[in-house]
Structure formats: C-alpha cells, structure tokens
Amino acid sequence: MKVIDKTISQITLPTPFAVGDVHVYILEGELLSLIDAGVKTKEAWEAFQIQLKEIGYGPNDIEQIILTHHHPDHIGLIEQFPRVQHIIAHHQVNRWITRDTAYFKHYRQFFKQYFTLSGVPEDLLAGLELQESTLAFIGEGELTNTIDDGDILPGHQEWTVIETKGHAQSHLSFLRQQDQILLGGDHLLKHISSNPLMEPQEVGQSIDQRPKPMLQYRRNLEKCMELGIENVLPGHGKVVRHPISLIQERLKKHEERAEKVYHLLDNGEKTPYQVCMELFPKQFQSQIDLTMSVTFGQLDYLEDQARIYKTVKDGHLVYAKTVNW
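In structure tokens form, the structure reads like this:
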C-alpha cells in the first residue's frame, strides 16, 4: 500500500498474468471509490483486504467502483463489495462483466474471419479463442452508470474523464486538473509499452469498420502531452513523473517499428501474417493474437500515412508500398 496524497491511496494486487502485479486506487471524496478492481482470485482479495485495512477502511466502506477498462486484471473483484451502489465505466465494459454471450460470439467470429483473411493458417487460429480460463478472472455485475470523455467523475468533482482508447476500446483515464495527476490505467506504463490491441467492430458494422487502435493510441498519447500532465498513476509499475519524454520515446519506437515493417515490403506485397512472421520470428506461433495486433498497428499507421495500401488477392488481404512515395 502506498499513500499518494490525502485523497489517493495505491493498493497493489497479485495477478496470474505475465504483466505481474496490478495497482488499484482508493479515491476519497464525496464518496469512497475504488478505481479498478484487480483479478478475481483468492490471493488478490486477501491482499486487497490487508492493504485496505492499513488505510483505515474495510470492504463495507467502498461506495462505488470506477473502472478504467475491461481487461481481466482490472475488473475482477467487483462482486466483493456489499455496499457498492454504483459500478461506473465506459459502456463497452458492460458486455464483459455481464458475460454477453452474443458479443463473445461476435468477438470470436471477428478474429477467425479477419485473421483467416490475413493469411493466418488454421492450426494457429485456435490460439485466438476467447478462453474460458480468462473469463474466470472477470467479476460479474452490471454497470449502473456510463461515463465518457469530458464527464466529471461522480462523487469527485475535481476529476475529469479523458478518453484514452488504444490499449482497449473501453479505456478511460481520469485527470485532476488542479495538479495534473492522471489515473491512467494501462494507457502509459513506465517499464513496458502498452500494446494497442485489436478488437472487433461493433455488432452490425462491416469488418472494414474495425477500430484502428494504434492510430487511437498515438492520438491519445499526443493528447496527454498537450494536456500538460505532470504525473501518471498507472495500472502497473512505477508512477510516471513528467511523462512527456516517455510519451515521445513511445511514439518514436512506434515510428521505428513502422519503418521496419515498411522495408519488409521492399520486395513486393505480403499478407499481414507474412509480415508478422518476419517481424516476430520467435513469438508469432505462441502469441499470434498479440503479434498480429502489433503488426496491424504498424500497417494501419503506414496506410494512414498513404505509404502503403491494401487489397484482396486470391482470398487474402495483402499490403504493398504506394508507388512514388
């Protein structure tokens, strides 16, 4: 447990994931709020109760839960608080905590269809399944309120909601303007890059309308620079102080990787899967979902710059350099 200031305390919880421990925050104000909720495990719940007691509270004191995004390590313990009247987040979080089976079917179909189109062989598609083991770490509940960019956090009038899509389509951060502190979820982490992750288009939209998370992520990093944020309280790792230099470093690394992808097309067109294999020769088989997300991020970025274009040939999506760039 770490006291950040008189109204913010950081609690650190274990996770079973490679990312390691996750931070949640106790926010004091008109209401006592929990920002994010760790994973749904006995170990996380026990660690939470011990650290909450150090601040002088118990689970019955938590009045509302506010979530930065829908990933399992941020929404797991939402069922554990008997006095909570409100669970608040971006509207897209709701389909995860309500176990929306229609959306999960849509999710699976998108990845199978789009990755098949992208040249991913059948034997690797099994790695794209939405695993029941992952869903086991997600708490069950339902949002009572939804928030979005520009809203004020209920019970915390000094905090403003900032849209920070990219790492997740549901990702929001919370800014206290008086001292430019950002409760940042996974938007900006000091020790690792937050990967912009692919997600399906909304139900009813065409597959061509899928989100482009790398473009969103870069825009929202640039927005954070423009806002003059002084400190980021992250979901993982150390507090990011004076984050402009780190943001610039992240943006530069995106551009360097995109340049590498651009030159992978020097000898002609390639499917996204072929690009992925060359970009991640040691990781693509075991992490096809993550490596393809990163690959598409770079392809989307280069296409947005009009340096490459895509077409469908022989049933597969292919990318090639734009002539006379």
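Counting from 1, one number per residue, gives the positions in the sequence shown under UniProt numbering.
Backbone N, C-alpha and C define an ideal beta-carbon position, used for all residues, glycine too.
Among the candidates the options, whose CA atom is the shortest distance from the CA of residue i?
i: residue 191; options: 9, 20, 13; result: 20
i: residue 160; options: 283, 320, 204, 68; result: 68
i: residue 195; options: 262, 48, 158, 186; result: 186
i: residue 30; options: 53, 125, 153, 83; result: 153
i: residue 118; options: 304, 269, 282; result: 269
i: residue 88; options: 298, 125, 173; result: 173
i: residue 102; options: 180, 202, 40; result: 202
i: residue 215; options: 230, 179, 188, 166; result: 166
i: residue 164; options: 90, 290, 243; result: 90
i: residue 54; options: 41, 13, 2, 82; result: 2
Can you grab the Cα-Cα spacing for the pair residue i / residue j, in whole Å?
i: residue 33; j: residue 220; result: 25 Å
i: residue 143; j: residue 64; result: 11 Å
i: residue 24; j: residue 310; result: 41 Å
i: residue 207; j: residue 80; result: 38 Å
i: residue 211; j: residue 171; result: 13 Å
i: residue 93; j: residue 323; result: 42 Å
i: residue 302; j: residue 258; result: 7 Å
i: residue 148; j: residue 109; result: 28 Å
i: residue 58; j: residue 48; result: 10 Å
i: residue 286; j: residue 45; result: 30 Å
i: residue 228; j: residue 250; result: 17 Å
i: residue 100; j: residue 137; result: 15 Å
Just list the residues that DSSP pairs residue i with in beta bridges.
i: residue 27; result: 8, 33
i: residue 47; result: DSSP output for residue 47 lists no bridge partner at all.
i: residue 309; result: 320
i: residue 174; result: 161, 183
i: residue 22; result: 13
i: residue 89; result: 146
i: residue 234; result: 185
i: residue 64; result: 33, 86
i: residue 270; result: 319
i: residue 152; result: 160
i: residue 210; result: Paired residue(s): none; residue 210 is not in a bridge.
i: residue 261; result: DSSP lists no partner for residue 261.
Run the CB neighbour count on residue i, radius 10 Å, all protein chains shown included, and call it buried at 16 or more, exposed below.
i: residue 150; result: exposed
i: residue 312; result: exposed
i: residue 294; result: buried
i: residue 213; result: buried
i: residue 247; result: buried
i: residue 339; result: With the chain represented from 1 up to 325, any question about residue 339 goes unanswered, as that position is not in the structure.
i: residue 281; result: exposed
i: residue 37; result: buried
Residues in the same chain with beta-carbon distance under 7 Å from residue i, minus the five sequence neighbours each way, listed in chain order, please.
i: residue 168; result: 69, 70, 71, 197
i: residue 27; result: 7, 8, 33, 35, 156
i: residue 4; result: 10, 233
So, for residue i: in the same chain, excluding its five sequence neighbours on each side, which residues have a beta-carbon less than 8 Å away from its beta-carbon?
i: residue 307; result: 262, 321, 322, 325
Short of 6 Å in beta carbon distance, which residues of its chain neighbour residue i, apart from the five on each side in sequence? Order them along the chain.
i: residue 305; result: none
i: residue 15; result: 22, 39, 73
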